[in-house]
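Written below as C-alpha cells is the structure these notes are about.
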Amino acid sequence: MDDEGIIPEALEETITQVMAAGRRIKFLYSVPTFHNPAAVTLAAGRRARILDICRRSDLLLIEDNPYGLLGFDGEPQRALRADSAEGVVYLGTFSKTVAPGLRVGWALAPHAIRDKLVLAAESAMLCHSSLAQLMVREYLASQPWQEQIKLFCELYAERRDAMLGALETSMPPGCRWTRPGGGFYVWLRLPGGLDSKAMLPRAISARVAYVPGTGFYADGSGGEYLRLSYCYPEPAKIREGIRRLAGVVEAETELRATFGAWPADSES
Ligand SMILES: Cc1ncc(COP(=O)(O)O)c(C=O)c1O
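Heads up: the sequence shown begins at 641 in this note's numbering, then just goes up one per residue.
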C-alpha cells in the first residue's frame, strides 16, 4: 500500500506467491476509502485494476466502507461493488454516521453467499437487536440524515485541519504523516527507529494517547507507526495533544541518541 492504496503489481505478485506455495486465498479484505488506520484512499485509476485482478484470480473482494460518506472534498467515491456486484461483498455501518452504540450495519453480498452470511451472523449473535434496527429505520425515515452527514464532514474537516496544522508546527524533523481526504485518522511514521509501543507509557504520562502501529499488523511489525484520531476532540484540544506528543517524540529521540536501541528491539 502507498498513498494511493493497494498497489496492483504488489497484489498480483502476492497472489502468485501464495498460490505457488499451494495455499488457497479465500478473499481480499480492503478498506478502499479513507482507510483505517492508514488514512489513504484507493486511487480512481487503480480501482478497476484491483477488481480485474480479483476477477482473474477468482478472488472475492470484501469492501469495508465505514467512512465513505465522510469525505471532505467533493462527491463520495464510487464503491467498488458498483462495478462488480458478483465479485464484491460490501460492508456498511451506521456506527460512523448515526451512532456507534446502536451496532447496526449491513452487507450487500452476491446471491451465492448471502445465505451463508445470514447463517454466520446468526451463529455469531443469535439475533440482532430489532429495537436498534427500528431506531435506525425511524431516524433515516424522519430525520434529514444527509444534512447531518454534511455537518459531520464540516466538523471533521475542521479537526483534520487543526491536526495537520499542529503536526506541521510542532513535530520534530523526520516524522511523516498522511493528509486524509476523509475519515477519522492520521497515520504517522516516527523517525530514527523509534518504537510507538515502547513510547506509549511516556505519552500517557504526558496525558496524550494514540494507537501504536503494531495493533494493525498481524506479524507484530509496524512499531514505527502510530494512529492519531481527530474525530472526537475539539481543535484546541487537538493542538494541545499534538504539542504534547511532539514533546514526547523529542524526548524519546534524545534518549535513543544517548542510550541507543532498547533491549527489546536490539540483539542483546
Ligand atoms: C475499517 C472499519 N471497519 C469496521 C468498523 C466497525 O464498524 P462497526 O461499529 O459497525 O462494527 C470500523 C470501526 O472503527 C472500521 O474502522
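Glycine is no exception: its CB is placed at the ideal position from the N, C-alpha and C atoms. Owing to the predicted nature of the structure, the values given are computational and were not obtained by experimental measurement.
Counterpart residues of residue i in DSSP-defined beta bridges
{"i": "A747", "result": "L731"}
{"i": "R829", "result": "R816 and Y865"}
{"i": "E778", "result": "Its beta-bridge partners do not exist; DSSP assigns none."}
{"i": "P852", "result": "L866"}
{"i": "E798", "result": "Answer is none; E798 lacks a bridge partner."}
{"i": "D859", "result": "DSSP lists no partner for D859."}
{"i": "Y669", "result": "I702"}
{"i": "G822", "result": "G711"}
{"i": "D642", "result": "G645"}
Proximity of residue i and residue j at Cβ, strictly below 8 Å
{"i": "L757", "j": "A764", "result": "no"}
{"i": "P831", "j": "G853", "result": "no"}
{"i": "P873", "j": "G881", "result": "yes"}
{"i": "F712", "j": "G805", "result": "no"}
{"i": "P677", "j": "F856", "result": "yes"}
{"i": "G833", "j": "A891", "result": "no"}
{"i": "S724", "j": "L691", "result": "yes"}
{"i": "W827", "j": "A679", "result": "yes"}
{"i": "P716", "j": "A802", "result": "no"}
{"i": "V776", "j": "L742", "result": "yes"}
Cβ-based neighbour list, residue i, same chain, cut-off 8 Å, excluding 5 preceding and 5 following
{"i": "I693", "result": "P648, L651, E652, I655 and L699"}
{"i": "W785", "result": "T737, V738 and Y779"}
Which listed residue (the options) has its alpha carbon closest to that of residue i
{"i": "Y796", "options": "S735, S869 and P750", "result": "S869"}
{"i": "L720", "options": "R695, F734 and V738", "result": "R695"}
{"i": "K790", "options": "A760, L710 and L895", "result": "L710"}
{"i": "I665", "options": "M811, W785, S697 and L742", "result": "S697"}
{"i": "R879", "options": "M659, T818, G714 and E798", "result": "E798"}
{"i": "R867", "options": "K877, L895 and F824", "result": "F824"}
{"i": "L731", "options": "R777, Y865 and G708", "result": "G708"}
{"i": "F667", "options": "L895, T809 and V728", "result": "V728"}
{"i": "M641", "options": "H675, V658, R663 and R754", "result": "H675"}
6 Å CB neighbourhood of residue i in its chain, flanking five on each side removed
{"i": "P750", "result": "E726"}
{"i": "V848", "result": "G881, R884 and L885"}
{"i": "M811", "result": "A886"}
{"i": "V889", "result": "P812"}
{"i": "A660", "result": "none"}
{"i": "Q788", "result": "none"}
{"i": "R910", "result": "Coverage of the chain is limited to positions 641 through 908, which leaves residue 910 absent and any answer about it impossible."}
{"i": "Q773", "result": "V744"}
Close Cβ partners of residue i (< 7 Å) along its chain, the five nearest in sequence each way excluded
{"i": "K837", "result": "P852, T854 and G863"}
{"i": "T733", "result": "P706 and G745"}
{"i": "R819", "result": "L804"}
{"i": "P740", "result": "none"}
*Is the segment 696–706 touching the segment 666–682, taking contact as three or more C-beta pairs under 8 Å?*
Enough Cβ pairs lie closer than 8 Å, so yes.
_Measuring CB atoms only, is the segment 643–656 touching the segment 681–699, in the sense that at least three cross pairs come out at less than 8 Å?_
Yes, they touch.
*asked:* Check whether the segment 832–848 and the segment 764–783 touch, using three or more Cβ-Cβ pairs below 8 Å as the test.
replied: No contact exists between the segment 832–848 and the segment 764–783.
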